[in-house]
Amino acid sequence: IVVPPSVTTIEEGAFFECGSLQSIDIPASVTTIGNRAFGWCRSLRSIVVPPSVTTIEEGAFFECGSLQSIDIPASVTTIGKGVFGCCRSLRSIVVPPSVVTIGEA
Numbered sequence: 007i008v009v010p011p012s013v014t015t016i017e018e019g020a021f022f023e024c025g026s027l028q029s030i031d032i033p034a035s036v037t038t039i040g041n042r043a044f045g046w047c048r049s050l051r052s053i054v055v056p057p058s059v060t061t062i063e064e065g066a067f068f069e070c071g072s073l074q075s076i077d078i079p080a081s082v083t084t085i086g087k088g089v090f091g092c093c094r095s096l097r098s099i100v101v102p103p104s105v106v107t108i109g110e111a
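So the number in our numbering is just where the residue sits in the sequence shown, counting from 1, plus 6.
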């Protein structure tokens with residue numbers, strides 16, 4: 007899936023339970039990844055969070071069982087509760103020093 011550059015927010019549940027989604031191209035115009043935006047996207051293997059994103063909301067990648075790694079850009083200041091909950095294949099998360107808030111697990 008390629009998200010057009012006119013999009014600034016990936017809203018709550020935008021791709022919720024898209025079981026066949028393996029990759030997505032998020033444009034540099036996006037500043038917020040909403041609550042459970044990619045929740046239960048069990049085939050999602052990797053995602054590149056652009057440097058424009060400042061907030062990753064609660065459960066954004068919850069139960070993304072195939073997600074193996076993610077780099078969080080230095081622009082992100084807030085990571086919500088349970089963002090990576092039940093991501094059983096996740097082996098690497100790079101959290102930059104810009105992050106001042108990380109929600110509960």
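Even glycine gets a Cβ: it sits at the ideal position worked out from N, Cα and C.
Three-state class that DSSP yields for residue i in the structure shown
| i | result |
| --- | --- |
| Thr38 | strand |
| Ser52 | strand |
| Ser75 | strand |
Inter-residue Cα distance where the pair is residue i and residue j
| i | j | result |
| --- | --- | --- |
| Gly91 | Ala43 | 13 angstroms |
| Ser49 | Ile39 | 18 angstroms |
| Ala80 | Glu63 | 16 angstroms |
| Val82 | Pro103 | 9 angstroms |
Which listed residue (the options) has its alpha carbon closest to that of residue i
| i | options | result |
| --- | --- | --- |
| Val54 | Val36, Gly45, Phe68 | Val36 |
| Ser52 | Val101, Leu27, Thr61, Asn41 | Leu27 |
| Val106 | Ile85, Ser95, Ile99, Arg97 | Ile85 |
| Ile32 | Gly45, Gly19, Ile7 | Ile7 |
Cβ-based burial, residue i [other Cβ within 10 Å; buried from 16]
| i | result |
| --- | --- |
| Glu23 | exposed |
| Val89 | buried |
| Val101 | exposed |
| Glu69 | buried |
| Gly25 | exposed |
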